[in-house]
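Quick notes on the structure that follows.
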Amino acid sequence: MSTTAENVIEISGLRKQFAVGRGKRRRTVHALDDVSLAVADGSCLAVVGESGSGKTTLARILVGLESADGGEVVLAGRPVARRPRRAERRARARDIQMVFQDPNGSLNRRRTVEAAIKEVLAAHHRVTGDEARRRVGELLDQVGLRPAHARALPGELSGGQQQRVAIARALAAEPRVLVLDEAVAALDVSVQAQVLNLLAEIRQARRLTYLFITHDLSVVRQVSEEVVVMRQGRIVERGSTDEVLDRPRHAYTMLLRDSAPRPGWRPRLSTGADAREVEA
Amino acid sequence: MTAQTLDRPAVRRRGGDLAERLGPLGLAALAVVALITLAALCAPLITSHDPAVGSVIERYQGPSAEHLLGTDQSGRDLLARLLYGARTSLLGAAVVVLLAGAGGALLALVAAWFGRTVDALVGRVLDLLFAFPNLLLAILAVAVFGTGLGQVTVALAIAYVPYTARVLRSVALRERRLGYVQAAELQGLSGLVVSVRHILPNIAPQILTGAAINFGYAMIDLAALSFLGLGVQPPTADWGLMVSQGKDSLLQGHPQQSVFAGVCIVVAVAAFSVIGERLGGRKAGGRA
Ligand SMILES: Nc1ncnc2c1ncn2[C@@H]1O[C@H](COP(=O)(O)OP(=O)(O)OP(=O)(O)O)[C@@H](O)[C@H]1O
Ligand SMILES: [Mg+2]
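Residue numbers (the working numbering), protein chains in the order written: chain A, 23 to 302; chain B, 1197 to 1484.
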């Protein structure tokens, strides 16, 4: 493992359990089970894994929306509280921000784009009035939106535009790290590509660190040099993207890779009924 | 780029949407409510009679130019009593609905924000309140604090809280999990700020719909309590009280008072129910 100075995120032995079900069917789910991870400053680390493998839980603990049961998180050289209180969350938000999966729900449908971004500006940088308006314009420009979008309500924007606003809102805090939890999963492939390009540009321009959570291996290749593979709350493999995806060492990674549609992938058509369904 | 046509002005036709959801019947109901409210507010302009004063020699008169709807057992003008009675009936129900809506929303927001144990605790309190029939709670309040509109209004409001809180809690929980609330929480904003600034406006439609439904129920319950002599006290005019006081006259062959007041109650309650039903029906924060 490398030293603290160059790692903006250092996680060791992170644990999180959830109690699910009631009565006799009650059981504990190990959402995170001894997860250790370091992310170099300015890098982009992709986190892949099937549904329920603990990716979102990891992200939520990192940004302080959830408290860990055990383990340690060091963010920008500072250990963070296990049970974050409000002031601590606010301080942490200046280092790390998050973009959520559902573009629709990630913006308040009754507040304008401008209001959403201004709220973050005011919370972290005490920027208000004309200065705030100017900053909103800059941020919108950076995410490829026009000044006119400032007064739009989320319902008047497309999914891709909504996600751009969510990115602008996260950038308003001027964080060092951006956690993107399935940030493009809900978008059409062409819009996905645009947003991915935008994210790459922004990372370059602002020297940001990304933790890019996805279950889509084709997206991983586009965004990231490095990838960790999670399964049932554990990290089962880590390495450079090409290495892990082309020569997976872990059986689970192979399974994940082989079950993902790739270029040249064709659905196997066994019966006539299936074929009709696929064509329909 | 993806910056599509946003050049069309961002027109939001809130009013248009409302009219669409209400439909013709709902709009008619809204008109009835507006008319009753207006009549209650303008009572002194419509009639010059005092609703509380009458002369015994003028009792049980039929409709005339002087008394358009006739008089009651004490010779008081029935139209004046209906108009001023609308004030008491509407005001009482409005206070019940307002208090119940505020209490329900508060409990829902607290439960949704803190979750886990707090949510479970709120659930228990609601279960407990559900166990008491509305009128029983009001009668209990009267037994402890004495008769009067204030006492029964507050008691009814408390009895209505679980109905509003139950529905509002589930919508607030849904909002709580959405990205915009999580994003605000992540910035270290306080629960109060996030709840009031972000969640409350998004559950406001359900609060309003619940209020419309509850309004009708509150009018019935308040009328019933007045009828039982526990709510509004004579000589104040009130529809429920008028039905009750008309009982004896009814037996003596003068049904006007009970009938007029009863019709007013039925029409008002029906109008509020239609509006509530049209706005969101059972899914909203009302008494089901
Ligand atoms: N608030 C919660 N309460 C109970 N169980 C939870 C909670 N959050 C997560 N879990 C459980 O923890 C496990 C990991 O969930 P998590 O959301 O982190 O997975 P994920 O990798 O993000 O999955 P997906 O790809 O579907 O988003 C799952 O089994 C999930 O059911
Ligand atoms: Mg997830």
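Using N, Cα and C, we set each Cβ at its ideal position, and we do this for glycine too. These figures come from a predicted structure and were not determined experimentally.
- Contact annotation: the segment 1418-1433 of chain B touches the segment 1269-1288 of chain B, with at least three C-beta pairs closer than 8 Å.
- Distances taken from the Cβ of T78 of chain A to the heavy atoms of ligand 2 include one shorter than 6 Å.
- Assignment of T236 of chain A by DSSP, reduced to helix, strand and coil, places it in the coil class.
- Around the beta carbon of A170 of chain A, a 10 Å sphere encloses fewer than 16 other beta carbons of the protein chains shown; the residue is thus reported as exposed.
- Annotation for D56 of chain A: no alpha helix (DSSP H) segment contains it, though the beta strand (DSSP E) segment containing it runs R49 to A62.
- In this chain, the beta strand (DSSP E) harbouring E259 of chain A covers R256 to S262.
- For R116 of chain A, the secondary structure class from DSSP, reduced to helix, strand or coil, is coil.
- For Q1383 of chain B, the nearest CB of chain A lies under 7 Å from its own CB, placing it at the interface with that chain.
- Within the DSSP secondary-structure output, L97 of chain A pairs in a beta bridge with A:I31 and A:R100.
- The C-beta separation of F1468 of chain B from A1408 of chain B comes to about 6 Å, placing the pair in contact by the 8 Å criterion.
- Beta-bridge pairing by DSSP links F40 of chain A to A:V51.
- The DSSP-derived three-state label of L1325 of chain B is helix.
- For the segment 151-167 of chain A, the residues whose beta carbon sits under 7 Å from a beta carbon of chain B are, in order, G166 and L167.
- Interface residue (Cβ-Cβ distance to chain B less than 7 Å): N130 of chain A is classified as such.
- A distance below 7 Å separates the beta carbons of T1267 of chain B and E1254 of chain B.
- Counting C-beta pairs closer than 8 Å gives three or more between the segment 53-66 of chain A and the segment 225-239 of chain A, which meets the contact rule.
- In summary, V1392 of chain B is exposed, with fewer than 16 beta-carbon neighbours lying within 10 Å of its beta-carbon over all protein chains present.
- Taking a Cβ-Cβ threshold of 7 Å, the residues of chain A close to Y1376 of chain B are G127, S128, L129 and N130, in chain order.
- Scanning its chain for C-beta atoms nearer than 7 Å, with the 5 sequence neighbours on each side dropped, one finds around I139 of chain A the residues V158, L161, A190, R191 and A194, in chain order.
- Separation of the CB atoms of A53 of chain A and G181 of chain A is rounded to 28 Å, and the pair is thereby denied contact status at 8 Å.
- Between H1394 of chain B and A1380 of chain B, the C-beta gap is smaller than 7 Å, which places the two residues in contact.
- For V149 of chain A, the three-state secondary structure derived from DSSP is coil.
- With contacts defined as CB atoms closer than 7 Å, E265 of chain A and I235 of chain A fail to qualify as a contacting pair.
- For secondary structure counted as the beta strand (DSSP E) over 3 or more consecutive residues, the segment 207-231 of chain A holds no complete run.
- Within the segment 1385-1414 of chain B, contact with chain A at the beta-carbon level (separation under 7 Å) is assigned to L1385, S1386, H1394, P1397 and N1398.
- The Cβ atoms of L36 of chain A and A98 of chain A do not sit closer than 7 Å to each other.
- Non-local beta-carbon contacts of Y1376 of chain B in its own chain, meaning distances under 8 Å to residues more than five positions away in sequence, involve H1394 in chain order.
- Within 6 Å of the C-beta of S73 of chain A there is at least one heavy atom belonging to ligand 1.
- The beta carbon of V1470 of chain B lies closer than 7 Å to those of L1221, G1222 and A1225 in the same chain, with the five residues before and after it left out.
- For a cut-off of 8 Å, the C-beta gap from H272 of chain A to V251 of chain A is around 7 Å, short enough to register as a contact.
- Assignment of L1369 of chain B by DSSP, reduced to helix, strand and coil, places it in the helix class.
- Fewer than three beta-carbon pairs drawn from the segment 1243-1252 of chain B and the segment 1227-1234 of chain B are found closer than 8 Å, and the two stretches are therefore not classed as touching.
- Of the candidates B:A1301, B:L1279 and B:G1288, the residue whose Cα lies closest to the Cα of T1405 of chain B is B:A1301.
- For D203 of chain A, the enclosing beta strand (DSSP E) begins and ends at V199 to D203.
- Rounded to whole angstroms, D210 of chain A and L1385 of chain B show a C-alpha spacing of 33 Å.
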